[in-house]
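In case it helps, our numbering puts the sequence shown at residues 1 to 209. Take a look at the structure below.
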Amino acid sequence: MSTPLSELVRSQTRVQHDAAERSPLMTELVEGAALKTHLELQVQLWFIYEALESRLDAWRNYPEIAAFHDPRLNRLPAIATSFSAVWGTGWRDQLRANPETLDYAADIRLCADQLDGPRFLAHHYTRYLGDLSGGRIIGRNLQRATGAADEVVGFYSFPDLKPKPFKDEYRARLDSLPWDEAGRETFLAAVRDSYVLNERMFRGILNAR
């Protein structure tokens, strides 16, 4: 019997995952960075989630991919609420994508435009499951360190979703995918690539200061 994909994705992408997780920017955030740092990240993530969430409809005829997305995961509304609370109605004037972010978003769009299910799902997996894990810890630390209002930290919150059962179901769905070995390997390689793109985006934020 082959190893479940949910186990493989954790064991075979650990190096890239840990490099992104231990990046200087993420260390700042986990340790309770100032609100400015969180906003720097959320501005860049706006472009990433825009790429992801604007391409979800491309999979409407591909249920094995479409089944992974739940509208309760959508991050763009929460980011917009955060920006509105901080910058008011002119918040879009604050949005500038760094080159590393543009590369990351372009890869997501390319996967969708090519209907490359394993590669698109890799981006979905790294972003949303990351939000449901470390992202929630970062949000709590932000609120504790700064006293930020709920609407400012809403990006890190999933009030209508229970993270652990959702993640368990997500991983079970990964294990049930009818992919052959080539499809599984494509997914695993794309998850590694996605973590690398994340880490480059984090470095880009620091370099832009």
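Beta carbons: idealized from backbone N, C-alpha and C, even for Gly.
Between Ala20 and Met26, the CB-CB gap stays under 8 Å. A distance below 8 Å separates the beta carbons of Phe47 and Ala105. If you look at Trp87, you'll find it in the alpha helix (DSSP H) that goes Leu76 to Trp87. Within its own chain, the residues whose Cβ lies closer than 7 Å to the Cβ of His123, once the five positions on either side in sequence are excluded, are Leu52, Ile108, Cys111 and Ser194, listed in chain order.
The three-state secondary structure of His38, taken from DSSP, is helix. In this chain, the alpha helix (DSSP H) harbouring Thr27 covers Pro24 to Val30.
In this structure, the straight-line span from the alpha carbon of Leu177 to that of Asn61 is close to 16 Å. In this structure, DSSP gives Val15 a helical state, which the three-state scheme calls helix.
For Val152, there is no enclosing alpha helix (DSSP H), since its DSSP letter is neither H nor E. Boundaries of the alpha helix (DSSP H) around Leu110: Pro99 to Asp113.
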